[in-house]
Every structure is written in structure tokens, then in C-alpha cells.
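Participant:
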Amino acid sequence: MQLAMPLGQLCTDFGPNCQRKFHDKIVPGLLSILDDNSNPRVQSHGAAALVNFSEDCPKAILVQYLPTIIEKLEQVLTSKFKEHVEQGNKLVLEQVITTLASVADTAEDKFTQYYERFMPCLKYIIQHAVSDKLRLLRGKTIECISLIGLAVGKEKFMQDCNEVMQLLLKTQTDQHDLADDDPQISYMISAWARMCKILGKEFQQYLPMVMGPVLKAASLKPEVALIDSEDMKEMENDEDWQFVTIGDQQNFGIRTAGLEEKATACQMLVCYARELKEVFAEYSEEVVKIMVPLLKFYFHDDVRIAASESLPYLLECASIRGEQYLADMWGNYICPNLLKAIEIEPEQNVLPEHLNSLAKCVEKLGKGCLTGDDMGTLVTLLTKLLQSHFERQAHRQEKRKDEDYDDVVEESLMEEDDEDVYILSKIADILHAFFGTHKESFLPVFEKVMPFFVKMLGPERPWADKQWALCVWDDVVEHCGPLAANYQSFFLQPMVEYITDKQPEIRQASTYGIGVIGQFGGPVFADVCAECIPRLVSVIEHPDSKSPENVNATENAISAVVKICKYNASKVNVDDIVPRLVHWLPVSEDVDEAVHIYNYICDLLEANHPGIMGDNGANLPHVFSIIAEVVMQEVLEEKSEVYLRLLNIVRQVQANDQMFQACLSQCSQDQQQALSAALSK
């Protein structure tokens, strides 16, 4: 237990870098703890720590250990199930089922080959664990089955899907017999949401059976009371009520029973709207009328968060009823209430969700979705939020000068800082949504808040300010192209200098920006593209460039060089760069930038560029092994154009058997198997 708990916490606090660096020590250690049958509590903590490891673990790393982990979990599950039947013990059994669910969730399709080893036992537990003392075990098993189904996909899960659905429906039918605090309720509602995701539009057949209870729970109005201080004394120990004093003699109380169920039901409606789209259209108006008023449901943060999250998905559902219906729903009802919610939201942890909802609604609706008045309101709101950002930051700096400042105060200040940065990131998302949909026509609006993002680029500003300001300026360049040159005096010099900043997040935002300057900036930025090449190369070829904390910034720097070479190379000697490019590969972390990089590699290979091919094709085996690694790591989507281009190049090499064998000899066994599987599809 002494080892498992801190290991699990380390994986949570420092993941996924912790998993990347120390997986070879963590996994064997945790699996050995699972063998401690004489100490079930220790076993349970070991299994819980394996959940922490799995949740943030990159799939490629977990898959390396999957056979060993599965074998161990199967051993423990079998022995503990037997122990439960014989002795009634269930502590380790409950935890190992949760661990299995977490491993499947991360492994995804790689779990498919192990599906039959667990599903019969899990279904048996749901069918027979019906006593009150087994409610938690049954709930966790429901969760595990639904997560496994999501991992292996519809095609594999269909063999058991109908039986599982009937078990869930039976629980749904019997729900009136369940106590308010029955743990099965939340597990089951979450499982319904996953089943919806698995089945997609085929889930429509179950909607009439599940929507009634969900709508009822989402519409629940809590019992509230205004009582004086004398009556308060009699009720203050009642755990079903929460009270807030609003004067010398009066207290406001709310009965908390049912609030968690209401929140879960709202989250379920979010899932249905997201997954079912037009199939959910018949419910969209009723659900909108439930959700929009809940933006002001101050009794429960998760209810407001779910209400906000649902809105862009409900708009998509409603779009099937025509543009005018959609415009009326948005302009007359959702938009004014969402803007008001942003203005008056009291909780710093909920506000970003409202901002995120607005950004997604703008992306769904496109250009012209806000009237002139609404746009003015938005500018006022953003101005207020950005002013508050600077004021709160200055206030924290003053607190650090107080005589009572210590580590406890600093921890609280850091939490506030994280909240502010998250809000800032969502403000950036809103601007991203408007630039993406409105392009250069949004520039006059942006200019009204632009001074804040100029100020954030200052060298004295915290690194997160610089990061998010760079992201905003990246959008200006990406979506406004050469017109961005009108603003270069505000952003260009800091963006170039921050290419080599010590903070990886700043480097990533800066190098991405240089990439979009190369791709979209046009001839007006040709000189600065050439100026940036040495800086980018220094980042890429730094000894620690591929370390876990640096790899994303490095891959963005590689992509920036590629984009300059492909789109803006008038002042650059591409022939000097291409031979070095071969040695910078593979890239596998930033999948979006990988598309640009490997498309350019295909361009070079298809043109037989000597820099990529080497003398007499000497580089070809190395390039071939890079392609094999990309296929093995599943960096690119199988149906994407660039993936098919890479496979086509492999097939061209395959036509020359001698060359093909020479290339294969440079690949690992796993790479060869991945290529073989890809070529056979």
C-alpha cells in the first residue's frame, strides 16, 4: 500500500510524462502488488494505482504491456470472484473490475482480442449481483461492460449488445424500487450514454423507454425554504438540507436530495444530443426549454455546466427543422440567455464552460450568427473578463508580498492562476471560432480587444499569457492571410523571438504561428520565413528536443520548416534543408501537424528528390522504416489521403523485391507486422 498509493498519485499529478518516462518501472511494480493475496486492501490499492497509470497513459505505451496486464487482471478477477462466491468478500473484486474498465478505455481496439475472456463473467455478475450489499459491485460492472463495449466498437460488441441492453432496461424499469442514494443509478445513466455512443442512431429505438425518466429527472425542481434562526436550530443537522444565511434572522435552505440525479440526467441529455443529432430532433425543443433556464440554476454547478454544454449539440439537432427555425431558436432564446449567463456567472470553474459553449455555437452557426448589438455585448463581456484577468493577476502578486505569505497561500494563489488561465484559453477559443467562421470581416471587432493580446506578449508577462496571446495571433495569420501584415508590428518580433523560449508551451504556440505564416502569409512574409529557419532548426536539433516535455514544440517546429519549404520558400534554399529533414523523423505526437509533414515527405518521394532519397537511394530503407513506424503507431487515420499516399509508396517499393527486402530488414518485427496488416486491407 505504501508503494501503490504514491505511485498512483504521481501518475495522476504528472501524467502522461510520468508514464512515458517510468513505465518500465511502474507497471511491473504495480502488477507485483496484485499478487499479494494475503493483504486484500494492499491488492485493492495496487489495482487502483493501475487505474491512475492507465487513465493518462499514451495508448502506444499501455499496449506494450497489455498481454501481461490482461493476464494478471484475469488471474485476480477469477480468484476474487471465486472468493466472493465462497466467502462474500468483494473489496478487491470491485476494484479490479474498475481497473479492467480503465485499461480497456485506454487500449481501445487493442482490447478486442481479450473481449471473450471477460464478458461472460461480467454479464453473470450483473444478472446475479442483485442484493442490496452488492449494489456497488453491480454498478461498477455495468460501467465496465459499457466501457469495454465502447473500446472494442459496435461490430464486436453487437454479439452481447442486445442482452446488455435488456439488463439495463430491466434496471430502468425497476428504478422506482431503487433508493435515491443507490450507486447503480449514476453508473447506469452513464452506461446508457455510452450505449448511445456505441449504437449511434440505432439507439433511437430505445429513446421512448429512456427519455421519460431522464426528462423527469432533468426537470426536477428542488424544495427550497426561507426559515428563521429559531427553526434553523432544529434543522441544521439534517444532512438532506443545505443552508445559506442571508441576514441576521433568516436562512435560505435547499433540499439536496435529487440534485445529483438531476445533474446526471442533464449530462445524459448532452450525450444523446451529441451522438444522435437529427434523430434527436423531435426532442430538441423540449430539451432546449429545459436546459436554457438551467444556465441560472445556481444550486448545482454541474447542472449549469451540462446545460451550457448541451446548447451547440441541440442547435445541430434542431437544424433539421430548417434555417428559420434554427435562427429563431438561437437568436431569440439561446443567444441572449447564454450571453447573460456569461455576464452573471458567479463561479470561476463554470464560466469557462459558458465561453466554450458560445465558441462551439458560433462554429456550428457560422458567419453572421451574432447581430451588431450582440457583438457589442460580446466585446463588452470580453473586455471585462480580460481586464479582470490582469487585475486578478496583479492582486495575486501583491498577496505574495504580504508578511503572512507562505506555501499554503501560494498553493491557493496557484489554483486561482490556473482558473484564470483556463478562462483565458476559452476566450481564445471564442476568437478562434469567430476568425474561423468570419475570417477578415472579424478584424474590426478583434481590434477592440487587441490591446490586451499585445500586452500579453510582453517579456515580463507570465508564460501562459504569452502562450494564449500567441495562439490568438496565430489565428489572425491563419484566417486573414496577408492582411495579418497590417498588424505585424504588434506580434511578429515576439513570435520570432519566442521560437527558442525556454517554456515548451510558448515554443509550441510560436512555432505553430511561424508555420501558418509560411503557409498563409504570402510573399510579404518571405523574409521573416527565411530568418526563422535557423531558429527552428536549433529547436529541432537540440539534444533534448524529443523529450516528453519538448516533443510537441519540436514537432510543430518541424512542421513550420515543412510549411515554409512547401508554401513560402522564395528566400530559402530547400535543397539544404531536405537532407536534414529525413533525420528529424518520425513525428508521432502531434497528429494534426503530422499530416502536413508526411504529405510533404510524399511530395518529395514522388518527385524522387535527391535530398530525401540520398545517393543511389541510400536513404530509402530509413524512410521506409519511418513509414512503418507511422503505420504501427497509428499516427494517421487509415482513410486519410496522406495515409493512402504512404501505403502507395510502400507498394511501389514492394514491386522491387530486392529493395523491398532490404527495406524490411531495417524494420522491427512489430513494424513489419503493422505494414503487412495495412497492405492486406
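Per the numbering used here, the very first residue in the sequence shown carries number 1; after that it's consecutive. Beta carbons are placed, not taken as given, at the ideal position from N, Cα and C, and that holds for glycine.
Cutting at 7 Å between CB atoms, please list the residues of its own chain near residue 633, excluding the five before and the five after it.
Facilitator: Taking the first residue of the sequence shown as 1, we reach residue 633 at position 633. Closer than 7 Å at Cβ, skipping near neighbours: 60 and 588.
Participant: Would DSSP call residue 242 helix, strand or coil?
Facilitator: Taking the sequence shown and counting its residues from 1, the one referred to as residue 242 is at position 242. If DSSP states are grouped into helix, strand and coil, residue 242 belongs with the strands.
Participant: Which runs of the alpha helix (DSSP H) spanning at least 4 residues fall entirely within the segment 514 to 594, listed in chain order?
Facilitator: Listed in chain order, the complete alpha helix (DSSP H) runs (minimum 4 residues) inside the segment 514 to 594 are 526 to 540, 551 to 567 and 574 to 584.
Participant: Using the Cα positions of residue 431 and residue 473, report the straight-line distance between them to the nearest angstrom.
Facilitator: Along the sequence shown, read from residue 1 onward, the residue named residue 431 stands at position 431. Along the sequence shown, read from residue 1 onward, the residue named residue 473 stands at position 473. Approximately 10 Å, taken between the alpha carbons.
Participant: Which runs of the alpha helix (DSSP H) at least 4 residues long sit entirely within the segment 3 to 65? Give them in chain order.
Facilitator: Whole alpha helix (DSSP H) segments, 4+ residues: 4 to 14, 17 to 33 and 40 to 55.
Participant: Report the three-state DSSP secondary structure of residue 224 (helix, strand or coil).
Facilitator: Taking the first residue of the sequence shown as 1, we reach residue 224 at position 224. Three-state DSSP puts residue 224 in a strand.
Participant: For the 8 Å Cβ check, are there 3 or more pairs between the segment 438 to 456 and the segment 383 to 394?
Facilitator: They touch, by the three-pair rule.
Participant: What is the rounded straight-line gap between the Cα of residue 226 and the Cα of residue 254?
Facilitator: As a first step, residue 226 is located in the sequence shown; it is residue number 226 there, counting from the start. As a first step, residue 254 is located in the sequence shown; it is residue number 254 there, counting from the start. Looking at the two C-alpha atoms, the distance is approximately 9 Å.
Participant: Within a Cβ cutoff of 6 Å, which residues of the same chain sit near residue 484, ignoring the five residues on either side of it in sequence?
Facilitator: As a working mapping, residue 484 is identified with position 484 in the sequence shown. Cβ within range, chain order: 476 and 477.
Participant: Which first and last residues belong to the alpha helix (DSSP H) in which residue 145 is found?
Facilitator: Here residue 145 corresponds to residue number 145 of the sequence shown, with the count starting at 1. Counting along the chain, the alpha helix (DSSP H) containing residue 145 begins and ends at 135 to 152.
Participant: Kindly list the residues whose CB is nearer than 6 Å to the CB of residue 529, restricted to its own chain and excluding five residues on each side of it in sequence; keep chain order.
Facilitator: Position 529 of the sequence shown, counting from 1, holds the residue named residue 529. The residues are 518, 564 and 568.
Participant: Spell out a yes or no on whether the segment 583 to 603 and the segment 622 to 630 are touching, meaning 3 or more CB-CB pairs, one atom from each, closer than 8 Å.
Facilitator: With a cut-off of 8 Å, the segment 622 to 630 and the segment 583 to 603 count as touching, because enough Cβ pairs lie within range.
Participant: Mind listing, in chain order, the continuous alpha helix (DSSP H) runs of no fewer than 4 residues lying wholly within the segment 412 to 474?
Facilitator: Segments of the alpha helix (DSSP H) lying fully in the segment 412 to 474: 443 to 446 and 450 to 455.
Participant: Within 10 Å of its beta-carbon, does residue 2 have 16 or more other beta-carbons around it, so buried, or fewer, so exposed?
Facilitator: The sequence position of residue 2 within the sequence shown is 2, counting from 1. A caution first: residue 2 carries a pLDDT of 49, below 50, which makes its placement in the model unreliable, though a value can still be read off. That one is exposed.
Participant: Quick one: using the 10 Å Cβ neighbour count with 16 as the cut-off for buried, is residue 458 buried or exposed?
Facilitator: Residue 458 sits at position 458 when you count from the first residue of the sequence shown. Answer is exposed; the Cβ neighbour count stays below 16.
Participant: In this structure, what does DSSP give as the bridge partners for residue 254?
Facilitator: On the sequence shown, residue 254 is found 254 positions in, with the first residue counted as 1. Answer by DSSP bridge pairing, in chain order: 224 and 242.
Participant: At the level of alpha carbons, what is the spacing between residue 135 and residue 583?
Facilitator: Here residue 135 refers to the residue found at position 135 when the sequence shown is read from its first residue. Here residue 583 refers to the residue found at position 583 when the sequence shown is read from its first residue. Those two C-alpha atoms are separated by around 56 Å.
Participant: To the nearest angstrom, report how far apart residue 341 and residue 307 are at their CA atoms.
Facilitator: Start at 1 with the first residue of the sequence shown, and residue 341 comes out as number 341. Start at 1 with the first residue of the sequence shown, and residue 307 comes out as number 307. For residue 341 and residue 307, the distance between alpha carbons rounds to 11 Å.
Participant: Throw me the rounded Cβ distance for the residue 511 and residue 556 pair, which I believe falls under 8 Å.
Facilitator: In the sequence shown, the residue the question calls residue 511 occupies position 511. In the sequence shown, the residue the question calls residue 556 occupies position 556. Their Cβ separation, rounded to whole angstroms, is 4 Å, which keeps residue 511 and residue 556 in contact under 8 Å.
Participant: Go ahead and label residue 619 buried or exposed: buried means 16 or more other beta carbons lie within 10 angstroms of its beta carbon, across all protein chains shown.
Facilitator: As a position in the sequence shown, residue 619 is number 619, starting the count at 1. By the 10 Å Cβ count, residue 619 comes out buried.
Participant: How is residue 376 classed by DSSP in three states: helix, strand or coil?
Facilitator: Counting from one through the sequence shown, the residue named residue 376 turns up at place 376. Note: residue 376 maps to helix in three-state DSSP.
Participant: DSSP three-state call for residue 369: helix, strand or coil?
Facilitator: Mapped onto the sequence shown, residue 369 falls at position 369. In this structure, residue 369 counts as coil in the three-state DSSP scheme.
Participant: Just verifying my parser: in three-state terms, what is the DSSP assignment at residue 182?
Facilitator: Along the sequence shown, one-based indexing puts residue 182 at 182. If DSSP states are grouped into helix, strand and coil, residue 182 belongs with coil.
Participant: DSSP three-state call for residue 634: helix, strand or coil?
Facilitator: Indexing the sequence shown from 1 puts residue 634 at position 634. Coil.
Participant: With distances taken between CB atoms, is the gap from residue 609 to residue 562 smaller than 8 Å?
Facilitator: Locating residue 609 in the sequence shown gives position 609, where the first residue counts as 1. Locating residue 562 in the sequence shown gives position 562, where the first residue counts as 1. No, Cβ-Cβ distance for residue 609 and residue 562 is not below 8 Å.
Participant: What does the alpha-carbon distance come out to for the pair residue 299 and residue 262?
Facilitator: Looking up residue 299 in the sequence shown gives position 299. Looking up residue 262 in the sequence shown gives position 262. Each residue's alpha carbon lies about 11 Å from the other.
Participant: With DSSP collapsed to three states, give me the class of residue 667.
Facilitator: Position 667 of the sequence shown, counted from the first residue, corresponds to residue 667. The answer is coil: DSSP assigns residue 667 none of H, G, I, E or B.
Participant: Give the range of the alpha helix (DSSP H) segment to which residue 709 is assigned.
Facilitator: The requested residue 709 does not occur in the structure, where the chain is confined to residues 1 to 681.
Participant: Output the distance between the C-alpha atoms of residue 201 and residue 284, rounded to the nearest integer angstrom.
Facilitator: By one-based count along the sequence shown, residue 201 stands at place 201. By one-based count along the sequence shown, residue 284 stands at place 284. Their Cα atoms are separated by approximately 15 Å.
Participant: Could you compute how far the alpha carbon of residue 267 sits from the alpha carbon of residue 351?
Facilitator: Looking up residue 267 in the sequence shown gives position 267. Looking up residue 351 in the sequence shown gives position 351. So the alpha carbons of these two residues sit roughly 17 Å apart.
Participant: Under the three-state reduction of DSSP, which class applies to residue 350: helix, strand or coil?
Facilitator: Taking the first residue of the sequence shown as 1, we reach residue 350 at position 350. The answer is coil: DSSP assigns residue 350 none of H, G, I, E or B.
Participant: Can you tell me where the alpha helix (DSSP H) holding residue 295 begins and where it ends?
Facilitator: For the purposes of this step, residue 295 is identified with residue 295 of the sequence shown, where counting begins at 1. Note, residue 295: premise wrong, no alpha helix (DSSP H); not H, not E.
Participant: Check for me: the alpha helix (DSSP H) holding residue 648 runs from which residue to which?
Facilitator: In the sequence shown, counting from the first residue as 1, residue 648 sits at position 648. Segment 641 to 654, the alpha helix (DSSP H) holding residue 648.
Participant: Please work out which residues of its chain come closer than 7 Å, Cβ to Cβ, to residue 433, disregarding the five sequence neighbours upstream and downstream, and give them in chain order.
Facilitator: Here residue 433 refers to the residue found at position 433 when the sequence shown is read from its first residue. The answer, listed in chain order, is 359, 362 and 363.
Participant: Figure out for me which residue from 279, 490, 419 and 24 has the closest Cα to the Cα of residue 453.
Facilitator: Residue 453 sits at position 453 when you count from the first residue of the sequence shown. Taking only the C-alpha atoms, the option nearest residue 453 is 490.
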